[in-house]
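Peer 1: In our numbering, the protein residues as written are 2 to 193. Here a beta-carbon is modelled for each residue, glycine too, at the ideal position from N, C-alpha and C.
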Amino acid sequence: MPSQDVIPTCATCKQSFCAAHRHPSSHSCSIQKSLSSKKVDAARALLSEHFPASSSRKTARRIPKAPTDLAKLAQWRKVELIKIRHRAIPGDFKEGLQSVPFEQRLHLRFINKGSGDEESILWFRKTMVAGKILDSLAIHAKIKSSEQLSLQLSKILDNGDTEVLLNDKAIGDQVEDGDRVTVTSILSSPSN
2 MPSQDVIPTC
12 ATCKQSFCAA
22 HRHPSSHSCS
32 IQKSLSSKKV
42 DAARALLSEH
52 FPASSSRKTA
62 RRIPKAPTDL
72 AKLAQWRKVE
82 LIKIRHRAIP
92 GDFKEGLQSV
102 PFEQRLHLRF
112 INKGSGDEES
122 ILWFRKTMVA
132 GKILDSLAIH
142 AKIKSSEQLS
152 LQLSKILDNG
162 DTEVLLNDKA
172 IGDQVEDGDR
182 VTVTSILSSP
192 SN
C-alpha cells in the first residue's frame with residue numbers, strides 16, 4: 002500500500018506550507034491581513050462612536066466656589082485674578098498683545114447671556130470709555146442693536162444684581178480688575 006504523506010496547509014488561505022509555517026501568523030497570510038484591517042476599522046468606528054474627538058466638543062469650565070472665611074477669600078480672589086490674567090485676550094481688536102503695558106490693562110470676565118452664560122476673559126485699556134468697550138463686546142458676542150433696542154454695559158455684582166455703567170466714563174473708574182460684566186438689551190424710549 003502506498004504511503005500517504007500529510008502536507009500541512011494553512012486553514013485560512015489553504016496553501017501548502019511546512020509544519021513550522023502552516024499557521025497564518027507565521028507566513029504573512031494575505032487573508033489574515035485583510036481580516037485584521039477590517040477588525041481595526043470596526044474597532045476605530047466603535048471607539049469614535051463612544052469617544053468623539055476632543056476638538057468636536059467643548060468642555061465646560063468648572064466655576065470654583067468662593068470660600069466663606071474672609072482671610073481665605075482674599076487669597077482666593079488673588080489667585081483667581083492671576084488665572085484670569087493668564088487667560089485674557091485683547092478685547093479691543095485693534096490692540097496687540099504687546100502694545101499695552103500690563104499695568105494699564107483692565108481684565109474683565111464677559112458673561113454672554115445670549116449664549117448660555119458663556120464666559121470670555123478679555124482685557125482693555127483702563128482709560129477706555131465704557132461705550133467703546135460696549136461696542137467691542139457687542140461685536141465679540143455678535144449682539145446687534147436696533148431703533149427699538151439699545152445696548153448697555155452692566156457690571157454683575159456678587160449678589161447677582163447688575164449695575165449699569167456710564168458710557169462716557171473710563172472703565173477703570175467704574176469696575177475693578179477681574180470683575181464680571183455683561184451686555185444687555187433695553188427697549189429704547191420713543192423719540193418725539
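1) Run through DSSP, which three-state label would P68 get?
2) So, with DSSP's three-state summary, where would you put E164?
3) Just curious, the beta strand (DSSP E) that H141 is in, first and last residue?
4) Check whether the segment 65-83 and the segment 120-133 touch, using three or more Cβ-Cβ pairs below 8 Å as the test.
5) Three-state secondary structure (DSSP) at R126?
6) Given 8 Å as the limit, is there contact between the segment 155-166 and the segment 136-146, that is, 3 or more CB pairs closer than that?
7) Among D180, S189, S186 and S27, which residue has its Cα nearest to the Cα of I85?
8) Return yes when the Cβ of A131 is within less than 8 Å of the Cβ of L107, no when it is not.
9) Is the closest heavy atom of the ligand ZN to the C-beta of A72 under 7 Å?
10) Which word fits A67, buried or exposed, when buried means at least 16 other C-beta atoms lie within 10 angstroms of its C-beta?
11) How long is the line joining the alpha carbons of V7 and A46, rounded to whole angstroms?
12) What residue does the beta strand (DSSP E) around H108 start on, and which one ends it?
13) With burial defined as no fewer than 16 other Cβ atoms inside 10 Å of the residue's Cβ, what is the status of F103: buried or exposed?
Peer 2: According to the structure data:
1) Secondary structure at P68: coil, using DSSP grouped into helix, strand and coil.
2) Judged by DSSP in its simplified three-state form, E164 adopts strand.
3) Element bounds for H141: not the beta strand (DSSP E) but the alpha helix (DSSP H), A131 to A142.
4) Of all C-beta pairs linking the segment 65-83 to the segment 120-133, fewer than three are shorter than 8 Å, placing the two stretches out of contact.
5) Secondary structure at R126: strand, using DSSP grouped into helix, strand and coil.
6) Contact fails: fewer than three Cβ-Cβ distances are below 8 Å.
7) The shortest C-alpha separation from I85 is found at D180.
8) In this structure, L107 keeps its C-beta atom at 8 Å or more from the C-beta atom of A131.
9) As presented, the structure is devoid of all ligands, the ligand ZN included, so that no description of it is given.
10) Classification for A67: exposed.
11) About 43 Å.
12) Unbroken beta strand (DSSP E) run through H108: R106 to N113.
13) That one is exposed.
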